[in-house]
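Chemist: Starting off with a structure, shown below.
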Amino acid sequence: MKEGQSVFIPNFFAHGYECLTKSATILYHLDNYRDAKNEAGLPFDDKDLKIKWMTKKPILSLRDKSHISFEDFK
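All the letters of the sequence shown, read from the start, carry residue numbers 12 to 85 under my numbering.
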(Lines of atoms letter the chains of each structure in order from A; the text may use other names.)
(Lines give C-alpha, C1' and ligand atoms only; values in the text may rest on other atoms or scores of the structure.)
Protein backbone atom coordinates (compact mmCIF):
# COMPACT_ATOMS: atom_id res chain seq x y z
CA MET A 12 0.00 0.00 0.00
CA LYS A 13 1.07 3.56 -0.51
CA GLU A 14 1.56 6.13 2.23
CA GLY A 15 -1.74 7.41 3.56
CA GLN A 16 -3.69 4.32 2.54
CA SER A 17 -5.46 2.16 5.07
CA VAL A 18 -7.10 -1.22 5.40
CA PHE A 19 -10.11 -2.23 7.50
CA ILE A 20 -9.85 -5.53 9.38
CA PRO A 21 -13.13 -6.74 10.92
CA ASN A 22 -13.33 -7.97 14.51
CA PHE A 23 -12.07 -11.52 15.09
CA PHE A 24 -10.10 -11.67 11.82
CA ALA A 25 -6.48 -12.80 12.07
CA HIS A 26 -4.09 -10.34 10.45
CA GLY A 27 -0.40 -9.63 10.18
CA TYR A 28 1.91 -7.32 8.32
CA GLU A 29 5.52 -7.13 7.20
CA CYS A 30 7.30 -3.79 7.09
CA LEU A 31 9.88 -3.66 4.28
CA THR A 32 11.13 -0.14 5.09
CA LYS A 33 13.26 1.15 7.95
CA SER A 34 10.22 2.71 9.60
CA ALA A 35 6.45 2.50 9.47
CA THR A 36 3.50 3.88 11.39
CA ILE A 37 0.77 1.44 12.33
CA LEU A 38 -2.43 2.80 13.86
CA TYR A 39 -5.06 0.59 15.44
CA HIS A 40 -8.62 1.68 16.03
CA LEU A 41 -10.39 -0.52 18.55
CA ASP A 42 -14.14 -0.62 19.12
CA ASN A 43 -13.72 -1.45 22.81
CA TYR A 44 -11.15 -1.40 25.61
CA ARG A 45 -8.22 -3.77 25.16
CA ASP A 46 -8.61 -7.06 27.04
CA ALA A 47 -5.16 -8.68 26.99
CA LYS A 48 -6.34 -11.93 28.62
CA ASN A 49 -8.64 -12.60 25.66
CA GLU A 50 -6.11 -11.82 22.93
CA ALA A 51 -4.71 -14.59 20.78
CA GLY A 52 -2.28 -14.85 17.93
CA LEU A 53 -0.60 -17.22 15.52
CA PRO A 54 3.12 -17.61 14.78
CA PHE A 55 4.13 -15.63 11.71
CA ASP A 56 5.96 -18.69 10.38
CA ASP A 57 3.31 -21.32 11.13
CA LYS A 58 3.93 -24.21 8.74
CA ASP A 59 0.22 -24.81 8.10
CA LEU A 60 -0.38 -21.22 6.93
CA LYS A 61 2.44 -21.34 4.36
CA ILE A 62 2.91 -17.56 4.22
CA LYS A 63 5.97 -16.52 2.20
CA TRP A 64 7.49 -13.60 4.08
CA MET A 65 10.30 -11.58 2.52
CA THR A 66 12.05 -10.82 5.84
CA LYS A 67 14.38 -13.65 6.86
CA LYS A 68 15.09 -12.50 10.46
CA PRO A 69 12.04 -10.56 11.67
CA ILE A 70 12.02 -8.53 14.87
CA LEU A 71 9.33 -10.06 17.08
CA SER A 72 7.98 -9.10 20.49
CA LEU A 73 8.00 -11.66 23.32
CA ARG A 74 4.23 -11.85 22.93
CA ASP A 75 4.50 -12.63 19.21
CA LYS A 76 7.11 -15.31 19.90
CA SER A 77 4.76 -17.11 22.32
CA HIS A 78 1.74 -17.67 20.05
CA ILE A 79 0.32 -21.17 19.66
CA SER A 80 0.21 -22.98 16.33
CA PHE A 81 -2.73 -22.66 13.96
CA GLU A 82 -3.48 -26.35 14.51
CA ASP A 83 -3.69 -25.84 18.29
CA PHE A 84 -5.71 -22.65 17.84
CA LYS A 85 -8.39 -24.41 15.77
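Here a beta-carbon is modelled for each residue, glycine too, at the ideal position from N, C-alpha and C.
Would DSSP call Glu-50 helix, strand or coil?
Modeler: Position 39 of the sequence shown, counting from 1, holds the residue named residue 50. Residue state, collapsed to three classes: coil.
Chemist: Roughly how many angstroms separate the alpha carbons of Thr-36 and Lys-85, rounded to a whole number?
Modeler: As a first step, residue 36 must be located in the sequence shown, where it is residue number 25. As a first step, residue 85 must be located in the sequence shown, where it is residue number 74. The alpha-carbon atoms of Thr-36 and Lys-85 are separated by roughly 31 angstroms.
Chemist: Return yes when the Cβ of Asp-57 is within less than 9 angstroms of the Cβ of Phe-23, no when it is not.
Modeler: For the purposes of this step, residue 23 is taken as residue 12 along the sequence shown, with counting starting at 1. For the purposes of this step, residue 57 is taken as residue 46 along the sequence shown, with counting starting at 1. Against a cut-off of 9 angstroms, the Cβ pair of Asp-57 and Phe-23 comes out as no contact.
Chemist: Less than 8 angstroms between the CB atoms is what I'm expecting for Glu-14 and Trp-64, so what's the real figure, rounded?
Modeler: If you number the sequence shown from 1, residue 14 lands on position 3. If you number the sequence shown from 1, residue 64 lands on position 53. About 22 angstroms separates the two Cβ atoms, so there is no contact after all.
Chemist: Is it buried or exposed for Leu-41, if we count other Cβ within 10 angstroms and need 16 for buried?
Modeler: Working through the sequence shown from its first residue, we reach residue 41 at position 30. Leu-41 should be labelled exposed.
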